[in-house]
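All remarks here apply to the structure that follows.
Residue numbers (the working numbering), protein chains in the order written: chain W, 1 to 267; chain Z, 1 to 267; chain R, 1 to 267.
Here it is as structure tokens:
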């Protein structure tokens, strides 16, 4: 499937320069899909495929959908060369039930290309995590790990987050997602109102060498805007609602007020 | 229409056990539909029909849609054996205009299977309510009444709510909805920030014998989560957005962090 | 395309009378479209075309979509006699890049029927604005200007807003939009929580003679409700989400609790 976006390109240039096109190694966008049907999935791909790198079927939703439909949807997404994977919570469930082998085999057979390894809800010791990453890589999955706890009562100090990011990458993960949940509020890098905690952000940026290995879950526009202004248009962003993909891409290239204003400032 | 969800069932079991499948008498989910077109309705049904028991066409929206389209949509929803009904406000309007006879006849003819009898906005004395329920039952409708006022200035004491629930059931209603509106904030059981009022909830749970007769309008995830943890996976929930049906079902079965955490706690 | 809504019209009358039907000069509704695909666009038009006067392709999203798809979408919207235009920020970008000529030519060629002239993010002197309006009118576009700044730090005194509205109309604009952004919070007429600033609203209503020339960006239901109660069912409203068009129309005609309550009050 090709997607030519030549329309306006003889008219204007993007105010924020440098946005990478596919195939790209940074500037990734991950969609949080909570159950799009085939009509909506087609709409999403036809309008926005060049701006989507991963589609995550949130939580355990892929366990609830008709199997034939799930196969059709995975095939459709794959026809656009976009990676697709089930939510990490689902693998956490398989892990505590001692069924990771069956889980990996089935995920492979049904067509998923990526897997998220997380401990957002369960406790998982480091050896289990490492062996899970290794086992999933054996199956040929691209591995994205997630660092962070879903419950506000369990939050991890920034220094530990940094350590775990490094350990995961050393262990074979391609990328590490920083937990932001669907709301982006009172979780990880974000205060109760969704505002970015600047000290924590600076600490992570200072201590992680290759920032392109991180995918920031940033569901709110204010968060996306701040990360783009801070890290540039090719920051990796996740948990983006399907309805927000073009709006986010407008932010990335400076075709929306908030980042256009930034692009116009004297540097 | 059948909908086999066998995909993952050899892989894991649901962390929160006991979720009832269709046909079921409790664990009902009611969707708040504000005007889905046929493509979106098909998507919703294909992905989530096993998790939907009622579709409510919110407010007076069904009065605004092209008649042929409305008939097609009702037929489509009915082909999945899902009940469908117009918002209660619409019948309130017919009632104050002295047109309930015409309303009931037309609702029947066009294919609705349920009716909501409410006084969320108008004043309706008990005799009128009772005779409206009786008249609608004559037409063969399944009757859901709603208890609660839409305006924060008109809120009803919990004890009165309980009395009205009992009276409605005695009078022929199959279920009673507790008003939560579309926002779930500053209304009925919910504080201005959407938090559940625990005392009021406990009072209702203590005094209503058959809790499966109640449908809780709970549009926010935090509310759904709290009601599931408190009342179990088969609590009846309403005013769920179409985009949230699979997310809610994930909550019900423990495939989402918030209820998975609960399922894993030592009891 | 015709859209007969006769279904319920023999049953009830609308509690808030006077709503104008198409073709109409006031009571306009403008949809904020952030990237609907063709399936969703068809759904929107089939369910709600009689209640939509303009579709705005928000921000620079129309620059990001495949050109063939964009042409198909514009053609589809036009087949319902609904006006369609790209977001104002996009023309601001062309303006600062000295490419307004190319922009106007391309917008015309691709099928847009309206243009929004704004300075929500850039600085534009009055002569530039006036000549831009004139140039766009030369191309046959219907001109909607926008007054207001997107950044909370740049807000304009109400008296200046009024002056600019008058100047724009004198200069050839058909309508003037008052900036409310997508959120409706902390911008223009709206406080940080989205509440309407009554003094500012009263001042605008007092000093603008023909209030039908104004389109109020009012994305939140509470704002729509307040403007309908204050200005009547035929107030022009903009930045309405596609999912909210029938809900808004229910508000306009009194088929939703909030305005039904108002309609029933003794006057």
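A virtual CB, placed ideally from N, CA and C, is assigned to each residue, including glycine.
By the rule that beta-carbons nearer than 9 Å mark a contact, residue 256(W) touches chain R. Annotated as distal: residue 161(R) and residue 216(R), with beta-carbon spacing of 9 Å or more. By the Cβ-count criterion, residue 247(R) is buried, with 16 or more other Cβ atoms from all chains shown falling within 10 Å of its own Cβ. In the DSSP annotation of this structure, the continuous segment of the alpha helix (DSSP H) that includes residue 73(R) starts and ends at 67 to 78. Under DSSP, residue 196(R) forms a beta bridge with 190(R). Per DSSP, residue 166(Z) is not a residue of any beta strand (DSSP E); the alpha helix (DSSP H) it occupies stretches across 158 to 170. DSSP places residue 216(W) inside the beta strand (DSSP E), whose first and last residues are 214 to 217.
For residue 85(W), there is no enclosing alpha helix (DSSP H); the residue is part of the beta strand (DSSP E) that begins and ends at 83 to 86. Spanning the alpha carbons of residue 250(Z) and residue 51(Z) requires a straight line of approximately 10 Å. Beta-carbon to beta-carbon, residue 38(W) and residue 73(W) are separated by about 6 Å, close enough to satisfy the 8 Å threshold. With a contact defined as Cβ atoms closer than 8 Å, residue 150(W) and residue 120(W) qualify at about 4 Å.
Within the model, the alpha-carbon separation for residue 47(Z) versus residue 65(W) is close to 6 Å.
The beta-bridge partner set that DSSP reports for residue 29(W) consists of 237(W). In chain W, no part has a C-beta under 7 Å from the C-beta of residue 112(R); the shortest such distance is about 12 Å.
Looking from the CA of residue 113(R), the closest CA among 20(R), 140(R), 187(R), 152(R) belongs to 140(R). Residue range 142 to 147 is occupied by the beta strand (DSSP E) that includes residue 142(Z). Contact between the region 201 to 208 of chain R and the region 217 to 225 of chain R is absent: fewer than three C-beta pairs spanning the two stretches fall below 8 Å.
Counting along the chain, residue 55(W) sits inside the beta strand (DSSP E) bounded by residues 54 to 57. Nearest neighbour of residue 260(Z) by Cα position, chosen from 71(W), 123(W), 16(W), 110(W), turns out to be 123(W). Secondary structure at residue 92(W): helix, using DSSP grouped into helix, strand and coil.
Counting along the chain, no beta strand (DSSP E) covers residue 208(Z), and no H or E run does either. Here the C-alpha atom of residue 36(R) lies approximately 25 Å from the C-alpha atom of residue 252(R). In this structure residue 220(W) is in contact with residue 194(W), their Cβ atoms being roughly 5 Å apart against a cut-off of 8 Å. When DSSP states are grouped into helix, strand and coil, residue 181(Z) belongs to the coil group.
Beta-bridge analysis with DSSP links residue 117(R) to 145(R).
For residue 11(Z), the chain W residues whose Cβ falls inside 7 Å of its Cβ are 94, 99, 102, 103, 106, in order along the chain. The beta carbon of residue 170(W) does not come within 9 Å of any beta carbon belonging to chain Z, so the residue lies off that interface. Taking a C-beta distance under 9 Å as the contact criterion, residue 29(R) and residue 76(R) do not qualify as a contact pair. Short of 7 Å from the beta carbon of residue 174(W), and not among the five residues preceding or following it, lie these beta carbons of its own chain, in chain order: 142, 143, 144. Any Cβ of chain Z closer than 9 Å to the Cβ of residue 193(W) would place that residue at the interface, and such an atom is absent.
Annotated as distal: residue 89(R) and residue 18(W), with beta-carbon spacing of 9 Å or more. Distance check between residue 213(R) and each of 129(R), 201(R), 165(R) places 165(R) closest, using alpha-carbon atoms only. A distance below 9 Å separates the beta carbons of residue 12(Z) and residue 99(W). Within the region 124 to 152 of chain W, the residues whose Cβ lies closer than 7 Å to some Cβ of chain Z are 150, 151, listed in chain order. Around residue 53(R), the same chain offers 28, 29 as residues with beta carbons nearer than 6 Å, after the five sequence neighbours per side are excluded. Note on geometry: alpha-carbon atoms of residue 106(W) and residue 71(W) lie some 12 Å from one another.
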